[in-house]
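Single-structure report; data block below.
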Amino acid sequence: MIEEVKDFQIDTKELRRYKKLTEPKIWNEIQRLSLKLKGKSIAHVNTTSHRGGGGVAEILHSLVPLMRDAGLDVHWFKLKASKSFFKATKNIHDTLQGDSRNLTEEEKNLYLEESKKIAGDFEKVQADVWIIHDPQPLLLPNFCSSMKNSILRIHIDLSKPNEDTWNFLFPHVAKYKKIIFSMKEYANNRLPTDKIVIFPPAIDPLTAKNAPLKKETARMILENLGLNPGKPIVAQISRFDVWKDPIGVVKAFYHAKKIIPDLQLVFMGLTFASDDPESLAAFNEIKRYAKGDPDIFAFYYPRNLQYDNNTLINAVQTGADVIVQKSIKEGFGLTVTEAMWKKKAVIGGNVGGIKLQIRNGYNGFLVSSEEECGARIAELIKNKKLQSEMGRRARIYVEKHFLLPRLLRDYLKIIDEVVA
Ligand code: UDP
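Take 34 as the starting number for the sequence shown in this note's numbering and just add one per residue.
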């Protein structure tokens, strides 16, 4: 089944409000391409529109309205599929990132058969260009005659996939007109180079999540969440997921606590999906590991909190002294960008898209172990000058590379190439 994300669920946005944050060259390209593509219909397909549901939903909530304001006729569809389908696609996702466990024949058949059914629902939808996000809807263009002009936007590293999964998917991926990766290192060398396009994601500087928030307001919100704003705070914001290494963060926190005894740790990983057993298991694992430590705060259920998601994320990113994103694998890591935009010195795992954002020792730190992460947390908490100098550089770096208008330009360019 498919479901269109309704207009009332998507904000409206005005492109002109972004002008002062956009380089003139990019702004002019947006203007030129918007005129050329006016009225073209674009369909985005992914799996969720939940805020907090991950980076793709986050981006589409801003990109879709901005593309609309640029004059395109944009629609956003979500897949509705069985639990077993999503279980299989989670395994596909993990094996594409290199997990050595092969998919079972049953999983492959289920993925094929259910994709065929979903594709049938799409036959009645017409669009000039389809943008398919990530592996879940990846097979649809193969089974749907109306999806001729399709672009695959893949957010993960495809350079060293599990061979069995890749042999299974490759013929489908190779049929796309273009395949977008966040970094060139992620592209798979079996794919024809003329189909590969590289551009990273971006954040929306004008959402409530990323707009300026007074430090005092942020600290007050943290106090209402039970923290002591007078004591140092380190935070990780992300879905509860083993790839984000939450237990590693707790271990790093304990290393840092030997030097900063009153340090507090916050995890913010709110769930808006009605049923997500894996994140619940990861959340419970932290609770177990922390053994009721009053300095460790982990937030999972939004219904118990008196603020909306964007306000909470902004408050934690603004109010914490140090932000950590200690992922073991990370497609891009919008949480890193968001915190850097708020002038935070971020300590990130030395992996994937985090490496694209943090230049070690310049605008943040890259770390490869819990000990190193703990040492950097303590170093930054003790050295306010270093914190603010790195944070200042972090903001400039994001402004130059990772803001929404640049992403809009990149999408308009590729759409233009596909419809030409
Ligand atoms: N996020 C959120 N609420 C939460 C936790 C995360 O809105 O409680 C957002 C976060 O601000 C970011 C996105 O979810 O915009 C996560 O994107 P990222 O690229 O960091 O990771 P992904 O979840 O896509 O692996």
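By construction, the Cβ of each residue, glycine as well, lies at the ideal position given by its N, Cα and C atoms.
Bear in mind that the values here come from a model prediction, so they are computed numbers and not experimental data.
Using a threshold of 7 Å, is the CB atom of residue i nearer than that to any non-hydrogen atom of the ligand UDP?
| i | result |
| --- | --- |
| F365 | yes |
| G87 | yes |
| M301 | yes |
| T368 | yes |
| R84 | yes |
| N337 | no |
| I380 | no |
| S271 | yes |
| E156 | no |
| K388 | no |
| K375 | no |
| K242 | yes |
| N342 | yes |
| E371 | yes |
| E432 | no |
| E91 | yes |
Would you say residue i and residue j are within 8 Å of each other, going by their C-beta atoms?
| i | j | result |
| --- | --- | --- |
| I361 | V384 | yes |
| V38 | S95 | no |
| I184 | Y209 | yes |
| I410 | A289 | yes |
| P238 | L413 | no |
| G386 | E405 | no |
| I187 | I229 | no |
| V299 | A268 | yes |
| P265 | I293 | yes |
| K53 | D102 | no |
| F305 | Y333 | no |
| N195 | D132 | yes |
| S67 | L445 | yes |
| G88 | P262 | no |
| Y340 | I280 | no |
| D449 | F232 | no |
| D106 | K73 | yes |
| L129 | L70 | no |
| D154 | M34 | yes |
| D40 | V452 | no |
| G397 | G381 | yes |
| W312 | R272 | Sequence inspection shows Ser at residue 312; the Trp mentioned does not correspond to that position. Yes. |
Note down, in chain order, each residue of its chain lying with its Cβ closer than 7 Å to the Cβ of residue i, except the 5 sequence neighbours on either side.
| i | result |
| --- | --- |
| A152 | L173, F176, C177 |
| Q350 | I270, I356, E371, A372, K375, K377 |
| A241 | N343, T344, N347 |
| H205 | L171, L172, N175 |
| S117 | L143 |
| T80 | K111, L112, Q169 |
| E140 | A121, N124 |
| S148 | L172, L173, F176 |
Tell me which same chain residues have a C-beta within less than 8 Å of the C-beta of residue i, skipping the five on either side of it?
| i | result |
| --- | --- |
| A323 | V283, I329, A331 |
| Y395 | M423, R426 |
| R84 | A90, E91, H94, F305, N342, N343 |
| L260 | I266, Q297, V299, F330 |
| E62 | R442, L445, K446 |
Excluding the 5 residues flanking residue i on each side, which residues of the same chain have their C-beta closer than 6 Å to its C-beta?
| i | result |
| --- | --- |
| V78 | F110, I165, P170 |
| P335 | L303 |
| E36 | K111, K113 |
| V158 | none |
| Y51 | P438 |
| I43 | V97, P98 |
| L246 | N347, T351 |
| G366 | Q358, G386, I387 |
| F286 | L298 |
Sort out for me which residues DSSP pairs residue i with in a bridge.
| i | result |
| --- | --- |
| E36 | K111 |
| R409 | DSSP lists no partner for R409. |
| E393 | The question names Glu, yet the displayed sequence has Asn at residue 393. G397, per the DSSP bridge assignment. |
| Q358 | G381 |
| F300 | Q269, A331 |
| I231 | F214 |
| L436 | I236 |
Got a sec: does the ligand FMN put a non-hydrogen atom nearer than 7 Å to the Cβ of residue i?
| i | result |
| --- | --- |
| I346 | Annotation note on the ligand FMN: not contained in the displayed structure, which lists the ligand UDP as its ligands. |
For this session: Identify every run of the beta strand (DSSP E) within the segment 104-139, keeping only runs that are complete inside it and at least 3 residues long; order them along the chain.
Result: 106-112
Note to self: So within the segment 236-274, which uninterrupted alpha helix (DSSP H) runs reach at least 4 residues, ignoring any that extend past its ends?
What the structure shows: 248-257
What are the start and end residues of each continuous alpha helix (DSSP H) run of 4 or more residues lying completely inside the segment 36-103, in chain order? 57-70, 88-102
Could you tell me which whole alpha helix (DSSP H) segments of length 4 or greater appear in the segment 163-224? 173-176, 196-207
- Would you list, in sequence order, the uninterrupted beta strand (DSSP E) runs of no fewer than 3 residues that lie entirely inside the segment 320-359? 329-332, 355-358
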